[in-house]
Structure formats: C-alpha cells, structure tokens
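These notes are about the structure you will find just below.
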Amino acid sequence: MIRTVTLGSTGITSPQNAFGALPVQRADVQTAVKILRKAYDGGMTFFDTARAYSDSEMKLGIAFEGMRDRITIASKTMAATPEKFREDLETSLRELKTDYIDIHQFHMVRACYKLGDGTGLYECMLEAKKQGKIRHIGVTSHNIGVARECIASGLYETLQYPFSYLSSEAELELMRECVKAGMGFIGMKGLAGGLITETATAFAFVAEHENVLPIWGIQHEHELDGFLSYFSETPRMNAARREFIEREKHELAGDFCRGCGYCMPCPADIDIITCARLSLLIRRAPSARYLTPESRELMQKIENCVKCGQCTAKCPYSLKTAELLEKNYEDYKRILAGETEV
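Take 1201 as the starting number for the sequence shown in my numbering and just add one per residue.
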C-alpha cells in the first residue's frame, strides 16, 4: 500500500506516486488526455507541469476540466521579468482551464529570488498569491548551492530537485534540510532522465524516504501501467535491490550527464543533453531509434565543438562536458562499427 506524503507546511497531501507531465508534450492530444485520465483513475492526484513544456498545460486542462477540486496542479515559470511572469501565469491559468494553481514554481533557477533583490519576481509571486491565482510558492533547481540558499531563505514552501537512487549523500542531506525547514520536497528525475530502467527499484528507493513526493515522467500508457501497478503491489527495498543499486552507482558514478539542460544552448549547435548521454543510453536500454540516421547526424555535430568552455561553466555538476561529448562520440562510433557489444 502506497503511503501519502504531505508537502511541508502547504498541507497538500498526495499518494507517494505522482505524475510528471513533461513527456506528454510529445504525445498527441487524444493520447495524452487518455493517459492523464487513466493516471487519475488509477490513484494519482498530483500533476506537475510547466509553461516551458509546450502544450502540456493545455492537455492537463482538457483532461481535468470540471474536476479541479479533485487534483493538485503544480506548474512553473521561467520568467525573468515581472511582465513575463504575469503573462506566463495568465497563459498557464487559461491553458489549465482553472482560476488557480496549487503550487507555482520558479523553474530551474540559477539564483534564489528574494524580496527586494531588484528583479521584482518574488513580489510577483506574493501578488499572485494575494489575488488567489496561486496558493503556494515553490522553486525548482538542479544547482545544490542555489537550492540550499532557497531553503535558508524561508521564502519557499516547496523545493523540486533531482532525487533518485543515484543521488549523492550531499543531495540526500539537501532533502533532509528541506524537510527540517518545513518545506515540501518534490523529487524529479527519479529515473535519471532515462538512465534508470528498473522502475520497481527506483520506486522502492523513494518509498524509503517518507517525505519525498516523486513525480514520474510519463509519456506512454505502458509506462503509466507500471507505476499504477505499484498502488496494489508496492515495491519494497530488499537485499537484492540494495546490491543492484550499488552496482548501478558504481557504473554511473561521477561523470554522466543528468540532462538538466543548463548548458544549453550550445554555440556550435550541439544537442548536448542528447549527445552526452546517447552512448550510455544505448548500453543501458538498447533501442534501434538511437542508431537512426537522425541520431547519427546529431552525434556528428560533436565534431564541431570548439571547446569554448561555456557548457562546463554553466553545468551545476561541474562536468567536463567537452571531454564527455568526445568520450560518448568515440563509444558511439565503436557501437556503429560493431566493434563493441551493447
């Protein structure tokens, strides 16, 4: 039986099995709406989306029109000015077919927005909350230093941060700091952007942390079916799963791209978050789509890298991105040539 999680001082309670709606932007409207409604019928009540996820909000609006009081919606804005913030908020409300958002989050921040910092952005959140357009103020980040500053500020009610069995001890401590501060902790990238393929073990790991609400990125119905099955047969941690996690940590320790996108755009037009991971994805989840002419063309762009260092400077994990791209490209070419097995 899946436990429920209350997100800190917000009072929002959800089954510890929530829906991340970034991937539904890649499904057609009919398919997306079917998946979203099936998720609700199966027990999910918390749905996380964002203004940046193209038509994801629109699909949620269609799926849940007329049943707003039965679900929790979290959305996000990447606005850098008050004008853009207000525009994004009004668009989100319109697309979601609602007059309020339960948790509105600053999306993938590089700095902790505060009262009086000169941006006016936190003031916009307070204004929207006073107007009843949002109910709680949250923040998402991939940068542990910025996340810690947001916790220490006392200004945010929730933090969304990557959380999986590949998380470092420093990241686990970040989660604990968040909980101690009375903030809700929303765990994103529970499958490490596709690098984790054993969902039962991923779920069992999260289930060990009673204050974490995981949002699983779901695009296909078969993916949803797996997570819904955990409502009745909840995976639990055991010795075999712990041993498996240790092997996974050993294989993925250190320099692997988490797919956060902070490094983008690339001045050489390299799709870094794809190219820095493709070789590894092939080895962990073999698929013919990774070997298509389109994928080969993407990888060939690595040859255009000018080693400007911008990607490394922007990476919250301090990866040597140019070296990582070269390593993946060489491995990819060996796979194409049949010189190594996947």
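Ideal Cβ placement from N, Cα and C applies to all residues, glycine included. These figures come from a predicted structure and were not determined experimentally.
* Asked: What are the start and end residues of each continuous alpha helix (DSSP H) run of 4 or more residues lying completely inside the segment 1434-1517, in chain order?
  -> 1439-1452, 1472-1475, 1478-1484, 1493-1500, 1510-1514
* **N-terminal and C-terminal residue of the beta strand (DSSP E) that residue 1210 is part of** => It is not in any beta strand (DSSP E) - residue 1210 carries neither H nor E in the DSSP assignment.
* Asked: So what does DSSP say about residue 1363, is it helix, strand or coil?
  -> Coil, per DSSP.
* Beta-carbon contacts of residue 1258 that lie in its chain and below 6 Å, excluding the five residues immediately before and after -> Excluding residues within five positions, the ones whose Cβ falls inside 6 Å are 1295.
* **For residue 1383, the nearest candidate out of 1357, 1253, 1442 (CA to CA)** => 1357
* Can you tell which of 1470, 1307, 1442 has the C-alpha that lies nearest to the C-alpha of residue 1253? -> Distances from the CA of residue 1253 to each of 1470, 1307, 1442 were compared; the closest alpha carbon is that of 1307.
* **Rounded straight-line distance, which links the Cα of residue 1221 to that of residue 1494** => In this structure, the CA atom of residue 1494 is about 26 Å from the CA atom of residue 1221.
* To do: Output the distance between the C-alpha atoms of residue 1212 and residue 1455, rounded to the nearest integer angstrom.
  => Residue 1212 and residue 1455: Cα-Cα distance of roughly 36 Å.
* What residue from 1250, 1216, 1351, 1463 has the CA that sits closest to residue 1223's CA? -> 1250
* Asked: What do you get for residue 1276, buried or exposed, if any count of 16 or more other CB atoms within 10 angstroms of its CB means buried?
  -> buried
* Asked: Between the C-alpha atoms of residue 1142 and residue 1322, what's the straight-line distance to the nearest angstrom?
  -> What is shown of the chain runs 1201 to 1542, which leaves residue 1142 out entirely.
* Asked: Buried or exposed: which applies to residue 1201, given that a residue is buried once 16 or more other Cβ atoms fall within 10 Å of its Cβ?
  -> exposed
* **As assigned by DSSP and simplified to three states, the class of residue 1531** => helix
* To do: Kindly indicate the opening and closing residues of the alpha helix (DSSP H) around residue 1422.
  => First-last of the alpha helix (DSSP H) with residue 1422: 1421-1429.
* Asked: Unbroken alpha helix (DSSP H) runs of length 4 or more, entirely within the segment 1285-1364: which are they?
  -> 1321-1330, 1344-1353
* Bounding residues of the beta strand (DSSP E) (the contiguous stretch that carries residue 1274) -> 1272-1277
* Asked: Nearest-angstrom Cα distance between residue 1407 and residue 1261?
  -> Spanning the alpha carbons of residue 1407 and residue 1261 requires a straight line of approximately 29 Å.
* Measure the Cβ-Cβ separation of residue 1555 and residue 1366 and say whether it is below 7 Å. => This structure cannot settle anything about residue 1555, because the visible part of the chain is limited to 1201 through 1542.
* To do: Note down, in chain order, each residue of its chain lying with its Cβ closer than 7 Å to the Cβ of residue 1208, except the 5 sequence neighbours on either side.
  => 1357, 1358, 1382, 1383, 1384
* Own chain residues within Cβ distance below 8 Å of residue 1469, not counting five before or after -> 1501, 1504
* Alpha-carbon to alpha-carbon, residue 1378 and residue 1353 -> 11 Å
* Give the single residue among 1312, 1320, 1304 whose Cα lies nearest to the Cα of residue 1345. => 1312
* Contact belief for residue 1424 with residue 1303 at Cβ below 8 Å, rounded distance in angstroms -> Rounded, the Cβ-Cβ distance is 22 Å, inconsistent with contact.
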